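Peer 1: In this text, residue positions in the sequence shown follow the numbering used here: the first is 1035, and each later residue adds one. Got a structure here, written out as structure tokens. Questions coming.
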Amino acid sequence: MNIQKEPFMNSSYLQQFARSADDSTLFDGAALTDKQRALIAKVDQYGIAWAERAFKHDREASFPTDNYNDLHEMGFLGLCVPERLGGLGADYRTYMLVASRIAYYCASTANTFNMHNANSLWTADMVDAMPMTDEQRASHEHNRALHYGNMLKGKIYSQPFSEGSGAAAGKHPFGTSAQRKDGGWLINGKKIFASLSGSADYYGVLCTEDVPDPTYANTMFIAVPADAPGVSIVGDWDPLGMRGTVSRSLLFKDVFVPDSAEMMPQGVYIKAAATYPHMFMTLTPCYIGLAQAAYDFSVAYLRGEVDGVNVKRRMYPTKQVGIAQMYIKLQQAWALFHRVTSEFKANPSRGERMRALACQYTIMEYCAEIASAAVRVCGGQAMLKTFPLERMYRDSRCGALMLPWTSEICIDRLGHGLLYNEGERD
Ligand SMILES: Cc1cc2nc3c(=O)[nH]c(=O)nc-3n(C[C@H](O)[C@H](O)[C@H](O)COP(=O)(O)OP(=O)(O)OC[C@H]3O[C@@H](n4cnc5c(N)ncnc54)[C@H](O)[C@@H]3O)c2cc1C
């Protein structure tokens, strides 16, 4: 019997993406600076190629090295590196906007791009605003110049902090340890879900200084070269979604790194985390961009504009209700996103902190709900692997699980934070 194979992917929907890129649907009505517009336009130049490659990387669970080559060519590996040090100097909100656009084309790329940029965004202005000794300030300036230089040369950084315990949720110190040695640190431990495993050149590891009775205040942020003796990658990678992140486990066995591997001076991480809570919601762009993509695909599909299923379905009242409900959720998510990303600052008010948690929760939950609704509204044929929707549906399930601000933790913190004033106990 001659069975005709489906084409590997159907790319006609990408024309819809190109159109929505043209009319800036994602940022409709948002106040953008010229710089933000220019960076987003740059993403649009490359994005359709990333969306096309997403089929392959999802199927193979392979890392989008080709997209990272593009990001390097675009100068985007230095997106959050300050301009005075040769980067593009994106501030927090600019990073969030640009990342949401990358996710629009390929969510796995945006997810991992978040990990890379945490190594520059967190260590630039945020650290400068922290109290430090002159010596710490000088050594930080030296170290980050080295790491930013690496990024500008095309080196990729990742950010493994999850350990399968309560550490990444901020409940207790990280189990991965950094022992002081002459001229550097000896790293031991294990990280799970280390996105970019095998593809990053440096793993920006959150670990605990090996002192008696360590607390969370002893957290260190150290960039371990991927090729350092004692670093190994274990476990397989065959997950439900975000397959292009290749988030396998990392083992560190007596890995020596020099002092220059410090991404932040001792004791600074905990202060930065307390001062800038918004730093923990940098994965929201990934999931709001993904939600927008699922919505835009659905509009194109119902209008009969997706090749292979060029049948209009927009005239059915139930489809209209479905798309309206998706749109309402999307607009709620964007409204919160724009407000909260504009509220980024040191020591935000209680209201701003609560709103950031509400924003994270809303985007992660709504992304999954919008992608789920998209599959139902578009119907059976739309969930074939020749279309992107079933991948978007699977990818969307991951948002609510991302520590340190999982949906559960957001609810925990909101519930407590809204009912108790500072210092109150029962
Ligand atoms: C596609 C993908 C990519 C990822 N990439 C990275 C990465 O690059 N770097 C990285 O560090 N992590 C990454 N993660 C991991 C992610 O952030 C979580 O750490 C991971 O999903 C937790 O898995 P778990 O089974 O340990 O979950 P959980 O059991 O949900 O959480 C881990 C632990 O946190 C504690 N915890 C959970 N909820 C609460 C709560 N409400 N209050 C107090 N404590 C709580 C518990 O002790 C729990 O055992 C990735 C995950 C996915 C799915």
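The C-beta atom is built at its ideal place from N, Cα and C for all residues, glycine as well. Keep in mind that this is a model prediction, so the values were computed, not measured.
1) What separation, rounded to the nearest whole angstrom, lies between the Cα atoms of Gln1326 and Asp1288?
2) Distance, Cα to Cα, Leu1168 vs Gly1269?
3) What three-state label does DSSP hand Asn1222 in the structure shown?
4) Straight-line CA distance for Lys1363 to Ala1179?
5) Tell me, which residues are paired with Phe1421 by DSSP?
6) Give me the Cβ distance between Ala1262 and Thr1309, rounded to the nearest whole Å; I'm assuming they're in contact under 8 Å.
7) Taking only three categories from DSSP, how would you classify Val1268?
8) Return the bridge partner residues of Phe1286 from the DSSP annotation.
9) Under the criterion of a Cβ to heavy atom distance below 7 Å, does Glu1175 qualify as lining ligand 1?
10) Who are Glu1243's beta bridge partners in DSSP?
11) Say the cut is 7 Å; is the CB of Gln1354 nearer than that to a heavy atom of ligand 1?
12) Would you report the Cα separation of Leu1370 and Gln1213, rounded to the nearest angstrom?
13) How about Asn1145: is its Cβ closer than 7 Å to a heavy atom in ligand 1?
14) Assign Phe1110 to one of three DSSP states: helix, strand, or coil.
15) Near Glu1377, which residues of its chain fall below 8 Å by C-beta distance, leaving aside the five closest residues on each side in sequence?
16) Given the structure, does Met1426 come close to ligand 1, in the sense that its CB is under 7 Å from one of the ligand's heavy atoms?
17) Would you please state the rounded distance, in angstroms, between the beta carbons of Asp1429 and Met1315? I believe it to be under 8 Å.
18) May I ask you to check if the CB of Ile1443 is nearer than 7 Å to at least one heavy atom of ligand 1?
19) Compute the Euclidean distance between the alpha carbons of Pro1292 and Phe1255, then round it to the nearest angstrom.
Peer 2: Here's the rundown:
1) Here residue 1326 refers to the residue found at position 292 when the sequence shown is read from its first residue. Here residue 1288 refers to the residue found at position 254 when the sequence shown is read from its first residue. For Gln1326 and Asp1288, the distance between alpha carbons rounds to 44 Å.
2) Walking along the sequence shown from the start, residue 1168 turns up at place 134. Walking along the sequence shown from the start, residue 1269 turns up at place 235. Reading the sequence as shown, one finds Asp at residue 1168 and not Leu. Straight-line Cα distance between these residues: approximately 43 Å.
3) Position 188 of the sequence shown, counted from the first residue, corresponds to residue 1222. Asn1222: strand per DSSP, three-state reduction.
4) By one-based count along the sequence shown, residue 1363 stands at place 329. By one-based count along the sequence shown, residue 1179 stands at place 145. Answer to the nearest angstrom: the Cα atoms are 42 Å apart.
5) Within the sequence shown, residue 1421 is the residue found at index 387, counting from 1. Within the DSSP bridge table, the entry for Phe1421 names no partner.
6) Translated into the one-based positions of the sequence shown, residue 1262 becomes position 228. Translated into the one-based positions of the sequence shown, residue 1309 becomes position 275. Contact between Ala1262 and Thr1309 fails: their C-beta atoms lie close to 31 Å from each other, not under 8 Å.
7) Along the sequence shown, one-based indexing puts residue 1268 at 234. In the structure shown, Val1268 sits in a strand (DSSP, three-state: E or B).
8) Taking the sequence shown and counting its residues from 1, the one referred to as residue 1286 is at position 252. Note: Phe1286 sits in a beta bridge opposite Gly1223, Val1265.
9) Working through the sequence shown from its first residue, we reach residue 1175 at position 141. No, the beta carbon of Glu1175 sits no closer than 7 Å to any heavy atom of ligand 1.
10) By 1-based counting over the sequence shown, the position of residue 1243 is 209. Bridge partners of Glu1243: Ala1212.
11) Numbered from 1 along the sequence shown, position 320 holds the residue referred to as residue 1354. Not one heavy atom of ligand 1 sits closer than 7 Å to the Cβ of Gln1354.
12) Taking the sequence shown and counting its residues from 1, the one referred to as residue 1370 is at position 336. Taking the sequence shown and counting its residues from 1, the one referred to as residue 1213 is at position 179. Those two C-alpha atoms are separated by around 42 Å.
13) The count along the sequence shown starts at 1 and reaches residue 1145 at position 111. Asn1145 has its CB nearer than 7 Å to a heavy atom of ligand 1.
14) Sequence index remark: in the sequence shown, residue 1110 carries index 76 (1-based). Under the three-state reduction of DSSP, Phe1110 is assigned to helix.
15) For this step, residue 1377 is matched to residue 343 along the sequence shown. Correct list, in chain order: His1312, Glu1386, Arg1389, Ala1390.
16) As a working mapping, residue 1426 is identified with position 392 in the sequence shown. Answer for Met1426: no, Cβ out of range of ligand 1.
17) Taking the sequence shown and counting its residues from 1, one reaches residue 1429 at position 395. Taking the sequence shown and counting its residues from 1, one reaches residue 1315 at position 281. Not a contact, Cβ separation roughly 18 Å.
18) The sequence position of residue 1443 within the sequence shown is 409, counting from 1. Under cutoff, so the answer is yes.
19) Against the sequence shown, residue 1292 aligns to sequence position 258. Against the sequence shown, residue 1255 aligns to sequence position 221. When rounded, the distance between both Cα atoms is 13 Å.
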